[in-house]
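Undergrad: Pasting a structure below so you can have a look.
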Amino acid sequence: MSKSIFSIVSAFAVVVLGGVFATPGWTQQMPISESFDTDPLQRWHFSCQREFVTVGGGRALRVSGGGHALWQVQARDFTLKFRYRYQAGKGTGDIVLRASGSPPNTKMYSLRMEPNQIVLCRRIRTAQTGFREQQLKAAPVNLAPNVWHNVTVRLSGGRFDVSVAGNQVLSANDSQPLPPGTIGLGIIGGSGAVEYDDAVYTPGAPGASPPSAGSGQTGTDLAVTDIFADHLRNGQLFVRITNRGPATLQGKQAELITVVNGQALVHTVPLHLAPGQTLTHNTGRMINSSAGSLKVKATIKLSGLSDPNANNNGYLETIPQAKKP
Ligand SMILES: [Ca+2]
Ligand SMILES: [Ca+2]
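Sequential numbering from 2 applies to the sequence shown in this note's numbering.
If you want it as structure tokens, here you go:
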């Protein structure tokens, strides 16, 4: 995620990290799983409040109060699968990975499960600097409330891949990977309660897993990866578009729909993009947020080629209100 000049300052600055991330050298190479259906729960340490809710003859874990259900695995390279559910406006899930250290010196990755995006961050806390959160990537994804979402996280070295319902929604690379640590399924402090079930941890580097073929032979995964304006008063609206592969786009075009506070416009975008490349498209649309912040949505549709992953074709951004001159 590029840092546009109007990047949103996290609205979820209150993160409770009370746990001690001891890592007892768990070296089992086989997958381990947790259904939360029966007691006792092994290898779990809770820095949040917890209860169990009945689901389909079994139970799911409900966490609240801020913090994490910490799973004492020694995780460096692994695949983590779990199910996640929340209620609208009543909780934001927070997954931590490779959490290590003891307060006040802790480090970890986090995945914040917002309704319209998953945000990957690196959190470092030291006695000297206090708590610092650095956003590594934000990926748009529609997580509907009240339904279970099957989430898969693969972490190998500094490489992250996150899938929801089998569709890859976020990939990122950290050039300075954090050391091994604990996994936590948790919640942003003060945001309510969220639920988890059916966690499966598989240690070891995931095999090279190509993106799901789908109709990929004849298409490519196009994604909207950023929205910004060059000025808040009478600025122009820009949209970043990324070709996630596998096909090269040459002489193709896409239909881009931008919606600003409910008003939609359709644009045509010429595409010359190799896999992995991003272009910044000037929509020509004028932006003025002097009267208040603007909610902007951009959705892209590839003309004449299939897109095997529709989850990343829409993107939401809030352009903040322009300050008084
Ligand atoms: Ca269960
Ligand atoms: Ca796509």
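Quick reminder that beta carbons are idealized off the backbone N, C-alpha and C, glycines included.
Enumerate in chain order the residues of its own chain whose CB-to-CB distance from V260 is below 6 Å, with the five nearest sequence positions on each side excluded.
TA: So the qualifying residues of the chain are K298.
Undergrad: Which of the three DSSP states is assigned to Q29 in this structure?
TA: Annotation note: pLDDT 46 at Q29 (below 50); position unreliable, no value reported.
Undergrad: Under the three-state reduction of DSSP, which class applies to N174: helix, strand or coil?
TA: Reduced to three states, the DSSP call for N174 is strand.
Undergrad: For K189 and G67, what's the separation of their Cα atoms in angstroms?
TA: Per the sequence presented here, residue 189 reads as Ile, with Lys not at that position. About 5 Å.
Undergrad: Can you check DSSP and say which residues form a bridge with L295?
TA: Answer is I320.
Undergrad: What's the C-alpha gap between W45 and P309?
TA: Each residue's alpha carbon lies about 38 Å from the other.
Undergrad: What would DSSP say about N147, mapped onto helix, strand or coil?
TA: In the structure shown, N147 sits in coil (DSSP, three-state: anything other than H, G, I, E or B).
Undergrad: Rank Q251, N314 and I228 by C-alpha distance to the C-alpha of I320 and give the top, closest one.
TA: Cα-wise, what sits closest to I320 is I228.
Undergrad: Could you pull out every residue in the same chain whose Cβ sits closer than 6 Å to the Cβ of E318, ignoring the five residues on either side in sequence?
TA: Counting only Cβ-Cβ distances below 6 Å, and skipping sequence neighbours, we find I228 and V297.
Undergrad: Relative to ligand 2, is the shortest distance from any of its heavy atoms to the C-beta of L223 smaller than 8 Å?
TA: The answer is yes for L223.
Undergrad: Between F132, A139, T107 and V154, which lies nearest to N117 when the distance is taken from Cα to Cα?
TA: Checking every option, the nearest Cα to that of N117 belongs to A139.
Undergrad: Do S48 and ligand 1 come close, with the Cβ less than 8 Å from some heavy atom?
TA: Result no, Cβ not under 8 Å from ligand 1.
Undergrad: Which runs of the beta strand (DSSP E) at least 3 residues long sit entirely within the region 36-68? Give them in chain order.
TA: Entirely contained in the region 36-68, the beta strand (DSSP E) runs reaching 3 residues are, in chain order, 45-47, 50-56 and 59-65.
Undergrad: So for P313, helix, strand or coil by DSSP?
TA: Position check: residue 313 holds Asn in this sequence, whereas Pro was assumed. Three-state result, N313: helix.
Undergrad: Return the CA-CA distance between S210 and L306, expressed in angstroms with no decimal places.
TA: Per-residue confidence for S210 stands at a pLDDT of 39, beneath the threshold of 50, marking its modelled position as unreliable; no derived number is given.
Undergrad: My output table needs one value for N235: the three-state DSSP class, helix, strand or coil.
TA: Residue state, collapsed to three classes: coil.
Undergrad: Name all residues in chain order for which at least one heavy atom of ligand 1 lies closer than 7 Å to the residue's CB.
TA: So the residues near ligand 1 by this Cβ test are S36, F37, D38, V56, G59, R60, A61, D198 and D199.
Undergrad: For Y316 and P141, what's the separation of their Cα atoms in angstroms?
TA: Going from the Cα of Y316 to the Cα of P141 covers about 6 Å.
Undergrad: With DSSP as the reference, label I189 as helix, strand or coil.
TA: Coil.
Undergrad: Less than 8 Å between the CB of A248 and some heavy atom of ligand 2, yes or no?
TA: Checking every heavy atom of ligand 2 against the Cβ of A248, none is found closer than 8 Å.
Undergrad: Using the Cα positions of G293 and P276, report the straight-line distance between them to the nearest angstrom.
TA: The alpha-carbon atoms of G293 and P276 are separated by roughly 37 Å.
Undergrad: Comparing C-alpha positions only, which one of T107, G187, A76 and Y85 sits nearest to V148?
TA: That would be Y85, whose Cα lies nearest to the Cα of V148.
Undergrad: Is it the case that the Cβ atoms of A145 and R63 are separated by a distance below 9 Å?
TA: No.
Undergrad: Hey, would you say the C-beta of A311 is under 8 Å away from at least one heavy atom of ligand 2?
TA: Yes; taking the cut-off as 8 Å, the Cβ of A311 has a heavy atom of ligand 2 nearer than that.
Undergrad: Residues in its own chain within less than 7 Å of S65 by CB, not counting five upstream and five downstream?
TA: Excluding positions up to five away in sequence, the list reads C49, Q50, I188, G193 and A194.
Undergrad: With a CB to CB cut of under 6 Å and the five nearest residues on each side skipped, what residues in its chain are close to S164?
TA: Contacts found: T153.
Undergrad: Taking the continuous beta strand (DSSP E) assigned at E256, which residues delimit it?
TA: Counting along the chain, the beta strand (DSSP E) containing E256 begins and ends at L250 to V261.
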